[in-house]
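The structure appears right after this line, and notes come after that.
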Amino acid sequence: MYKDIIRLFGDIPHVKCPFGIHKIVELGTLHGIRPGDFFGPVSAAHCLKEAVQIAIEAKQIPELLRIYISQDAIIYRQDVIDLCSTSLSNDNNNSNLNRKNTLYPSLDSVTTTDTNSSRWSTSVLILVPLRLGLNELDLVYEYFLKEALQLPQTVGIIGGSPRHAVYIVGYQDDSFIDLDPHFIQSTVNVLDNTFDTSSYSCSSPKKLSTKKMDPSCTLGFYCRDKADFEMFCAQVN
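To convert, count from 1 in the sequence shown and add 268; that's our numbering.
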């Protein structure tokens with residue numbers, strides 16, 4: 269399953285890589301972002317949401333995930349519930365895809381919640397785009413960003429310094445811990461079932477001073493099922 273997940277993000281223009289850079293760039297053109305242009309945290313979030321929906325409708329992945337993007341930094345609880353209770357697939361008679369047709373059958377074993385007690389049938393990735401200052405991060409928000417990174421549902425922050433995007437996964441003292449996607453590595457052919465996965469983990473993350481962080485960022489939270497979402501809401505409130 270680990271390799272199946274990595275393959276979804278492979279940097280190859282292939283049907284088995286629906287979340288690779290080629291697909292994201294293709295979706296970016298629909299928003300006026302040309303190849304080579306900078307993707308901000310907000311545009312990246314919307315392209316990822318569209319990529320997931322396209323992959324589900326094309327039966328490239330099982331229908332086990334929704335992406336919710338907040339409006340004006342507000343998460344509407346009922347909107348999330350409605351999103352996770354409605355099928356995205358073309359088959360309206362079945363809330364899940366015909367899993368035998370998915371490209372990665374091993375992913376089908378990932379269950380979410382007991383649908384007998386609720387119509388909620390998927391997990392959800394909640395993305396919260398924020399602007400925390402004019403030209404630089406207003407340090408009054410530093411505490412809240414660190415609190416968000418401590419939540420069990422957090423998956424990190426899309427952000428970085430101006431014109432240099434990174435993936436923030438934690439913090440230490442006055443710095444954020446981040447992974448830099450600009451680190452150059454050898455190409456991996458993810459279509460080969462024996463491909464090496466060692467380059468997909470990082471043993472030396474970097475640090476980003478809070479004073480150098482760009483004010484534009486997107487927070488991410490993953491809720492496995494409805495109970496997890498309710499727990500998330502309780503903690504945020």
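For glycine and all other residues, C-beta sits at the position ideal for the given N, C-alpha and C.
ask   = Candidates 476, 485 and 449: which alpha carbon is nearest residue 470's?
value = The shortest Cα separation from residue 470 among 476, 485 and 449 belongs to 449.
request  = Put residue 272 into one of helix, strand or coil per three-state DSSP.
outcome  = Residue 272 sits in a helix when the DSSP states are folded into three classes.
request  = Pick out the complete alpha helix (DSSP H) segments inside the segment 279-315, 4 residues or longer, and give them in chain order.
outcome  = As far as the segment 279-315 is concerned, its whole alpha helix (DSSP H) runs of at least 4 residues are 289-297.
Local conformation of residue 496 per DSSP, three classes = Helix.
task = Rank 406, 327 and 340 by C-alpha distance to the C-alpha of residue 479 and give the top, closest one.
result = Among 406, 327 and 340, the Cα nearest to that of residue 479 is on 406.
query = Just how far apart, CA to CA, sit residue 288 and residue 397?
reply = Looking at the two C-alpha atoms, the distance is approximately 22 Å.
ask   = If you check the beta carbons only, do residue 390 and residue 334 fall under 8 Å apart?
value = Closer than 8 Å, so yes.
key: Heavy atom of the ligand HEM within 7 Å of residue 404 beta-carbon   = Among the components modelled here there is no ligand, and therefore nothing to report on the ligand HEM.
key: First and last residue of the uninterrupted alpha helix (DSSP H) at residue 446   = In the DSSP assignment, residue 446 falls outside any alpha helix (DSSP H) and within the unbroken beta strand (DSSP E) covering 443-447.
query = Cβ of residue 413 within 8 Å of Cβ of residue 438?
reply = Cβ atoms of residue 413 and residue 438: not closer than 8 Å.
ask   = With distances taken from CA atoms, which of 306, 324 and 392 is nearest residue 347?
value = Of the listed residues, the one whose Cα sits closest to residue 347 is 392.
Helix, strand or coil at residue 489 [DSSP, three-state] = It is a strand residue.
inquiry  = If I measure Cβ to Cβ from residue 496 and keep anything under 7 Å in the same chain, skipping five residues before and after, which residues do I get?
reply    = So the list reads 421, once near-sequence residues are dropped.
message = For residue 419 and residue 434, which I take to be in contact (beta-carbon distance under 8 Å), what is that distance rounded to the nearest angstrom?
response = Taking C-beta atoms under 8 Å as the contact rule, residue 419 and residue 434 fail to qualify, at a distance of about 20 Å.
inquiry  = With DSSP as the reference, identify every bridge partner of residue 339, one or two as the case may be.
reply    = Answer by DSSP bridge pairing, in chain order: 342.
task = Take the Cβ of residue 275 as the centre, count every other Cβ of all protein chains shown within 10 Å, and call the residue buried at 16 or more, exposed below.
result = Result: buried.
ask   = Do residue 319 and residue 292 have their C-beta atoms within less than 8 Å of each other?
value = When the beta-carbon positions are compared, residue 319 and residue 292 come within less than 8 Å of each other.
task = Inspect the beta-carbon positions of residue 486 and residue 310 and report whether they are closer than 8 Å.
result = Taking the C-beta atoms as reference points, residue 310 is found nearer than 8 Å to residue 486.
request  = Express the C-alpha separation of residue 343 and residue 460 in angstroms, rounding to a whole number.
outcome  = The alpha-carbon atoms of residue 460 and residue 343 are separated by roughly 40 Å.
Best match in 458, 428 and 351 for proximity to residue 467 [C-alpha to C-alpha] = Of the listed residues, the one whose Cα sits closest to residue 467 is 458.
query = Does DSSP classify residue 322 as helix, strand or coil?
reply = Residue 322: helix per DSSP, three-state reduction.
ask   = Can you name the start and end residues of the alpha helix (DSSP H) that residue 398 belongs to?
value = DSSP places residue 398 in no alpha helix (DSSP H) but in the uninterrupted beta strand (DSSP E) bounded by 391-399.
message = Buried or exposed for residue 269, going by 16 or more other Cβ atoms inside 10 Å?
response = The residue is exposed, with fewer than 16 neighbouring Cβ atoms inside 10 Å.
query = Are the Cβ atoms of residue 483 and residue 400 separated by less than 8 Å?
reply = Remark: C-beta atoms of residue 483 and residue 400 approach each other more closely than 8 Å.
key: Integer Cβ distance of residue 427 from residue 488, believed to fall under 8 Å   = Not quite, the Cβ-Cβ distance comes to about 11 Å (not below 8 Å), so this is no contact.
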